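>
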Amino acid sequence: MGADASKDYKGPDNPETDNNIYVVDKFSNYAKDQQYSYNIWVLLVICINAFILLLYIIELLSNLLYSIRRWRNGQIKIYKN
């Protein structure tokens, strides 16, 4: 019966290694398919954060320029001892 079973076997030649390679290959294909599924959302979050950071930088520069303008016009006096 064992000889008949080996004749009917249609799996890989060496099931101890070939089957593992098959499973890893299938998993890597699945991982490749899932690799870029969240990149649109990540890119959107990065763009929103970059926009908020840009607004903060513009606000800081605006405040700095406003302070410099007030200081040059004499509205802010800096006293030195």
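In terms of our numbering, the sequence shown opens at residue 17 and continues consecutively.
The beta carbon of each residue, even a glycine, is placed where N, CA and C say it ideally should be.
Only a predicted model underlies this, so the values are computations on that prediction, with no experimental measurement involved.
Can you tell me the Cα-Cα spacing of R86 and K93, whole angstroms?
Whole-angstrom Cα-Cα distance: 9 Å.
> My output table needs one value for N79: the three-state DSSP class, helix, strand or coil.
Three-state result, N79: helix.
> On the three-state DSSP scale, how would you describe S55?
The question names Ser, yet the displayed sequence has Asn at residue 55. Here N55 sits in helix by DSSP.
> Using three-state DSSP, classify N89 as helix, strand or coil.
DSSP places N89 in coil when its eight states are reduced to three.
> Do you know how far the Cα of V58 is from the Cα of I73?
Rounded to whole angstroms, I73 to V58 spans 22 Å at the Cα level.
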